[in-house]
Amino acid sequence: MAKKSALGKGIGALLSDAENIGKPIIHRPPLKTGTELEISKIQANPNQPRTKFNEESLEELAASIKQLGVIQPITVRETAPEIYQIISGERRYRASKLAGLTHIPVYVRTVNEVDMLAMALVENVQREDLDAIEIATSYRRLLEECNLTQEQLSERVGKKRTTISNYLRLLKLPPEIQFGIINEDVTMGHARALITIEDANKQIELYTKIIEQGLSVRETEDIIRKHKESAYIEDSVTQTPPKETDSFEALRVDLAETFHSPVTFSISPKGKGKIVIPFSSETELERILGLIDKIKA
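Just add 2 to the spot in the sequence shown (first one is 1) and you have the numbering used here.
Structure representation (structure tokens):
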């Protein structure tokens, strides 16, 4: 039987593949199973990446716990004698307190601060009810605080690097728009369209228009495309396009050799431009992103 891939397995992938990173992220101490602890001895994780807990959902879970108990133990670590801190399972912990339980089943692990953060973050990004900003923030913390590359992060959470990059780009949007994503005033599709606008004020202006007029993602993309086309035509009429120099050509050749792909330059009359690196498949895109990671390292 073929060995099952570790991708998409959340904490399991983080644990089982830790040896693939130069410095292990998670250790494998033996678990103490079947343990029940007094809830009064358990503390929430102050660095909990999940920032919102729906009260109605918690009450529903509490009602279920009253009937069936806590089916899946939470995971904790001992921080002081008889004092424990939650690694994962805070929602079950909160619901158990609402249900009036005095004890709760736990798994006890011995992990350091970085390991604990990684486990909590990976558990959270596997949930389906997180908003896009919570996911993006969790990805950023895994990259920055757990010293992961995007490639390593992709393997741990079972997501394509392009997906991770799209989420991380959301954090570059103005705070007003990020709050709008959290509050579901706009969708991830709207946000991805707004990211393509360079001017933050124009981003906010269109964001307001989306809400006021109930614009769809397609309508938003059409507005952005027409605006860019009209701006380019206006610049073309009033200005003479800059000429490409020998240094541009040398840079083009150098980039083409680096990425093993033809590279083209597009320069606007104002001197702004873009570099285009074409790819023929997702595999080819992953290869190019890997080369960019090496350049950044």
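Glycine is no exception: its CB is placed at the ideal position from the N, C-alpha and C atoms.
All values reported here derive from a predicted model rather than from experimental measurement.
Coil, strand or helix - residue i by DSSP
i, result
"residue 278", "strand"
"residue 39", "strand"
"residue 55", "coil"
"residue 64", "helix"
"residue 154", "helix"
"residue 77", "strand"
"residue 226", "helix"
"residue 177", "helix"
"residue 262", "coil"
"residue 134", "helix"
"residue 89", "strand"
Distance CB(residue i)-CB(residue j) smaller than 9 Å
i, j, result
"residue 123", "residue 148", "yes"
"residue 146", "residue 54", "no"
"residue 75", "residue 37", "yes"
"residue 202", "residue 223", "no"
"residue 290", "residue 277", "no"
"residue 332", "residue 67", "No statement about residue 332 is possible, as the shown extent of the chain runs from 3 to 299 and does not include it."
"residue 188", "residue 225", "no"
Local Cβ density within 10 Å of residue i, reported as buried at 16 or more and exposed below that
i, result
"residue 283", "exposed"
"residue 227", "exposed"
"residue 220", "exposed"
"residue 59", "exposed"
"residue 229", "exposed"
"residue 117", "buried"
"residue 294", "exposed"
"residue 47", "buried"
Proximity test, Cβ basis, 9 Å: residue i and chain B
i, result
"residue 88", "Chain labels in this structure do not include chain B; a single protein chain is all it has."
Expected contact under 8 Å - CB spacing of residue i and residue j to nearest Å
i, j, result
"residue 86", "residue 43", "6 Å"
"residue 206", "residue 178", "6 Å"
Of the listed residues the options, nearest to residue i (C-alpha basis)
i, options, result
"residue 267", "144, 251, 287 and 260", "251"
"residue 300", "163, 231 and 132", "Examination of residue 300 is not possible in this model, given that the chain is present from 3 through 299 alone."
"residue 176", "208, 73 and 102", "208"
"residue 134", "47, 170 and 150", "170"
"residue 281", "296, 262, 297 and 275", "262"
"residue 158", "65, 104, 139 and 121", "121"
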